Amino acid sequence: MRYWKWKIAIKFLVFSLIFNISNAQNINEKPFKLFSKSEKIEIDQYGFIYHINKDNLVKFNKEGVPIYNYSNKLLGNITQLDISNPLRPLLFYKDQGIILALDNTLSLQKSEISLNELALYQTSCISNSNFDNGIWLYDIDVNEVVKINHQAEVVFKSGNLSVILPNMQFPILKLLEKNKKLYGVTFSQIIVLDQYGSLLNTINLKATNGLIIKEENLIGYDGNFIVNYNYLDYKLDTIYQTNSYDKIVQCQEEIVGILKGNSDANSIFISK
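With the first letter of the sequence shown counted as 1, position 106 gets the number 105 in numbering that gives the first Met the number 0; the numbers rise by one all the way through.
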């Protein structure tokens with residue numbers, strides 16, 4: 000008799016957890032226009048859309064009109080576009096070890112930055128530093144976060160992060176700076192550093208398919224679950240279960256989910 004009581008209690012608990020996950024948040028999805036299919040798509044905080052196809056970058060306004068473009072066939076395909084600062088988009092050409100800084104019209108600001116000349120041969124991802132116009136980089140070969148200033152001089156090296164964080168699952172897949180903090184996304188966790196490279200925190204949030212940084216919380220997406228992390232109580236809450244999106248990004252106050260295939264997207268509205 001006691002066994003059946005426990006079995007019923009466990010079933011009720013599982014049902015309650017599922018009910019809470021699915022009903023704690025109201026999700027409303029509405030189409031967000033991308034205008035055309037591309038290999039890679041990025042959306043900045045002002046709602047401008049960037050399409051990347053091989054070496055070609057095109058910037059669209061909110062009405063879908065292409066307004067600026069940039070291409071450099073000598074450098075090959077674009078590996079990464081960082082638009083965390085829309086006034087200074089960064090283009091990263093991994094195969095060439097080159098970074099280009101553009102302006103908001105996609106015009107080249109200054110001469111190219113050669114990472115090979117800085118002995119940063121295995122840089123795998125980059126991020127704008129809006130604090131001092133520097134650039135953060137991750138060297139996968141030595142598992143190290145590096146910062147260069149606006150004159151392309153190395154001003155910080157973290158050293159091998161495996162020594163500092165032996166239980167962390169590296170490598171870092173993406174870097175993103177906001178509110179004077181640097182967030183490094185790994186397969187299952189996030190490492191948080193301050194502007195001087197000091198370790199602030201590690202967070203057990205999966206965000207391989209998108210990290211949105213807000214004042215009071217983080218939102219991560221791993222390709223299956225959109226999860227909220229609260230700074231105040233360190234609590235993780237599943238907002239939405241979906242495998243429809245390639246990634247999520249922030250556009251002004253909206254969350255935009257770019258569907259697999261990079262041909263369509265939805266604005267995702269979350270309310271309690």
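Don't be surprised by glycine CBs; every beta carbon is placed ideally from N, CA and C. All figures in this text were calculated on a predicted structure; none of them were measured in a lab.
Would you decide whether residue i is buried or exposed? Buried here means 16 or more other CB atoms lie within 10 Å of its CB.
i: residue 268; result: exposed
i: residue 176; result: buried
i: residue 49; result: buried
i: residue 171; result: buried
i: residue 133; result: buried
i: residue 98; result: buried
i: residue 186; result: exposed
i: residue 107; result: exposed
i: residue 239; result: buried
i: residue 21; result: Since pLDDT at residue 21 reaches only 41, below the 50 mark, its modelled position is unreliable, and no value is offered.
i: residue 157; result: buried
i: residue 83; result: buried
i: residue 152; result: exposed
i: residue 228; result: buried
i: residue 166; result: exposed
i: residue 118; result: exposed
i: residue 143; result: buried
i: residue 233; result: exposed
i: residue 8; result: Below a pLDDT of 50, predicted positions are generally treated as unreliable, and residue 8, at 38, falls in that range; the measurement from the model is reported next regardless. Exposed is the call here.
i: residue 259; result: exposed
i: residue 109; result: exposed
i: residue 173; result: buried
Would you give the residue range spanned by the alpha helix (DSSP H) that residue i belongs to?
i: residue 226; result: Looking at the DSSP string, residue 226 is not in any alpha helix (DSSP H); the run it does join, the beta strand (DSSP E), is 224 to 229.
CB residue i to CB residue j, shorter than 8 angstroms?
i: residue 101; j: residue 90; result: yes
i: residue 182; j: residue 136; result: no
i: residue 148; j: residue 87; result: no
i: residue 212; j: residue 201; result: no
i: residue 220; j: residue 208; result: yes
i: residue 70; j: residue 51; result: no
i: residue 235; j: residue 215; result: no
i: residue 111; j: residue 266; result: no
i: residue 250; j: residue 46; result: yes
i: residue 54; j: residue 76; result: yes
i: residue 74; j: residue 95; result: yes
i: residue 123; j: residue 139; result: yes
i: residue 275; j: residue 168; result: In this structure the chain extends from 0 to 271, so residue 275 is not present and cannot be described.
i: residue 263; j: residue 33; result: yes
i: residue 159; j: residue 141; result: yes
Strictly under 8 angstroms for the Cβ-Cβ distance: is residue i near chain D by that measure?
i: residue 136; result: Given the protein chain composition of this structure (a single chain), no chain D is represented.
Between which two residues does the beta strand (DSSP E) carrying residue i extend?
i: residue 81; result: 79 to 81
i: residue 207; result: Note, residue 207: premise wrong, no beta strand (DSSP E); not H, not E.
i: residue 29; result: 25 to 31
i: residue 88; result: Run containing residue 88: none; DSSP gives neither H nor E here.
i: residue 68; result: 65 to 70
i: residue 59; result: 55 to 59
i: residue 39; result: 39 to 42
i: residue 52; result: 48 to 52
Less than 8 angstroms between the CB atoms is what I'm expecting for residue i and residue j, so what's the real figure, rounded?
i: residue 78; j: residue 58; result: Actually they are not in contact, since the Cβ atoms of residue 78 and residue 58 sit about 18 angstroms apart, beyond 8 angstroms.
i: residue 40; j: residue 257; result: 6 angstroms
i: residue 255; j: residue 31; result: 5 angstroms
i: residue 103; j: residue 85; result: 6 angstroms
i: residue 222; j: residue 242; result: 6 angstroms
i: residue 273; j: residue 198; result: Examination of residue 273 is not possible in this model, given that the chain is present from 0 through 271 alone.
i: residue 145; j: residue 130; result: That belief does not hold up - the Cβ atoms of residue 145 and residue 130 are roughly 15 angstroms apart, past 8 angstroms.
Pick out the complete alpha helix (DSSP H) segments inside the stretch 126 to 202, 4 residues or longer, and give them in chain order. You should have 160 to 163.
Residue ranges of each alpha helix (DSSP H) run of no fewer than 4 residues wholly in the stretch 212 to 268, ordered along the chain? For the stretch 212 to 268, not a single whole alpha helix (DSSP H) run of length 4 or above is found.
Can you list, in chain order, the stretches of the beta strand (DSSP E) that have 3 or more residues and sit fully within the stretch 97 to 129? Runs of the beta strand (DSSP E) lying entirely within the stretch 97 to 129 and spanning at least 3 residues, in chain order: 97 to 100, 122 to 128.
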